Structure formats: structure tokens, C-alpha cells
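In the numbering used here, the protein residues as written are 1 to 329.
We treat Cβ as the ideally placed atom computed from N, Cα and C, and that holds for glycine.
Quick caveat, the model's predicted, so the values are computed rather than measured.
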């Protein structure tokens, strides 16, 4: 039967064996160099130089990226402003087109009215000629109908043909004299009651036809004005649209360049982290060595305290905490 003292001796021997192994490990660790080697120092200097270069490059790419992003915002704002102007001009052009179309519709309507009254004029003249046949060859005079045809021809010539001031003045005088002669001829021939009412109808119809023709001219002029304004607005919109397209191209160019600068910035940052990690590994080697030495000293102190504990000496609270941290308790 093994007594308690033998058990205690066995446990003490086991503890001593463990402590001897740990002391041997500690001694082996302490023998490791506490400072970086010359080769590691050279490598550290190289890494520090690389880190400086990478950091500078990353900062340059960041600044350039931010500059390009600012330009991108400016080009976007300019593009949007120009597109806004284009929309406004196109809207105005659309309104002018509606005005033009409305006036063109009025032109068509007025032409229809004019043509209707011109037809009535022709019909009334035909009736008058039937009731009052003219025989200019008997009187050696130009017939009233021929005089009226000549007047219409001269009036059309005045309205449609370009001419100098003197020529136009002479033509106006000729028209005035011919109209006066026609009026005198009609007054002479109006004595016939059978055609008197028709002559008045003819005058009224001619007045209505002239009013309709005047309306046609006014509406046509207004329609042309609206059409010209519409074309001008579309031309301005096209010119500004080209500027907006150019701004869009610059926007895309700056955006792509900013994205590339951002990619390079991130790439340099990643490389910087890798270099920093390698440099920190070398720097931390010294700290690790210091920590190992501190651990050795702590274990030695704990061993001495444990020896006191085994000898039955009274330990302080601090000694007990040291034993607990070192795994003796």
C-alpha cells in the first residue's frame, strides 16, 4: 500500500519534470534573436520605401479621381441644363406649329369662301350678259366684259409680279382709270331695270370675294410667320442639342477616367496594405521577443513562489494571482 508521502513525492517529481521541460523551452526561445537581422532591416527599409511610393501614388490617384468626379458633376449639370433648354425650345416650336396649322386651316376655309363668291360673280355676270348682250363691233367700243377681264388681269399683275416704283405707279393709274370707265359704263347701262338688281348683286358678290381674298392673304402671312418662327426654334434646339451631346461625351469621358483612377487608387491601397503587413511582421518580431523574455521571467518568478508554497511559507494575494496566471493553481 502506497502512503500519502509517496504520492506527494510522485506528484512533485511529475511537476518538476514538467517544469524542467518548460524551462528548456523557455531557454530555447530566449536564445532566438530579439532584434531583426541585417537582412531583415534592409528588407524593412525597402518595404518602407515601397510604402511611401504606394501611399503617394494612391493619394495622387485619389485626388485625380475626386477632380474628375467634380468635372463629371459639372458636365452632367451642363448637359441637363442644355437638354432643358432644348425641351423648352421644342415645346415653343410645337406651339408655333399649332398656330401655323390653325392659320393654314383658316386659309383653306377663306379660299373656299372666296372661290364661292368668285363663282357667284361669274354666274351673275353671265346672267347680265344674257339680258344685255353687247355688240362692241356696232359701237366701235371694247365690251364691258372685256374691260372687266382687263381690270382683273391688271389687278392680278399688280398683286403677283414684282416691279419698280415707277412701273407700279403707272399700273395703279391704269387700273384706276379702267375701273372708273367700267363704273361709268355700268351706270349708263343700269337704266335697264331688268339687270339693275343683278348689277347690285354683282357688286356685293365682288365685295365679298375681295374680303375673302384679303382674309386669305392675312391668314397666309400669319401662317408663314408662325412657320418661320417654328423653323427658327427647331434650328436653335438642334444647335443646343449638339452642345448637350458634346457635354454628354465629356461626361462619359470624365466618368470613365474617374472610374479608372478609382480602380488604380484601390489597387495601390491593396498593395500598400500588403507591404504594411510585411513591414509590421518584421517590426513585431522585436516585440514578440520582448514578450517571450517577459514570459520567461514571469515563469521563473512563479516557480520560486511555488517553491515557497511547497515549503509551507505564507503567500500574499499577489503571489497567489501570479501562480494562478502561470497555471500552478
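Per DSSP, residue 164 lies in no alpha helix (DSSP H) and is assigned neither H nor E. The C-alpha of residue 115 lies about 26 Å from the C-alpha of residue 171. Annotation: the continuous alpha helix (DSSP H) that includes residue 98 extends over 38-131. Taking C-beta atoms as the reference points, residue 107 and residue 223 count as a pair closer than 8 Å. Straight-line measurement puts the Cα of residue 231 at about 41 Å from the Cα of residue 176. In the displayed model, residue 296 falls within a helix according to three-state DSSP.
DSSP places residue 278 within a helical segment (H, G or I) once states are collapsed to three. The three-state reading of DSSP puts residue 316 in coil, since its state is none of H, G, I, E or B. When rounded, the separation of the alpha-carbon atoms in residue 146 and residue 238 is 55 Å.
Excluding its 5 nearest sequence neighbours in each direction, residue 204 has no C-beta neighbour in its own chain below 7 Å. In the structure shown, residue 311 adopts coil according to DSSP, grouped into three states. DSSP places residue 142 outside both helix and strand once states are collapsed to three, so it counts as coil.
Exclusion of the five residues before and after residue 168 leaves 158 as the residues of its chain whose Cβ lies within less than 8 Å of its Cβ. Residue 181 and residue 217 have their alpha carbons spaced roughly 28 Å apart.
Counting the other Cβ atoms within 10 Å of the Cβ of residue 72 gives 16 or more, which makes it buried. With contacts defined by Cβ atoms closer than 8 Å, residue 57 and residue 268 form a contacting pair.
Rounded to whole angstroms, the gap between the alpha carbons of residue 120 and residue 202 is 8 Å. Contact between the segment 242-253 and the segment 37-53 is absent: fewer than 3 CB-CB pairs across the two stretches fall below 8 Å. Between residue 161 and residue 152, the alpha-carbon positions lie close to 14 Å from each other. The C-beta of residue 252 has fewer than 16 other C-beta atoms within 10 Å across all chains shown, which makes the residue exposed. Apart from sequence neighbours up to five positions away, the residues of its chain that approach residue 78 with a beta-carbon distance below 6 Å are 247, ordered along the chain. Taking a C-beta distance under 8 Å as the contact criterion, residue 195 and residue 144 do not qualify as a contact pair.
Judged by their CB atoms, residue 257 and residue 82 are not nearer to each other than the 8 Å cut-off.
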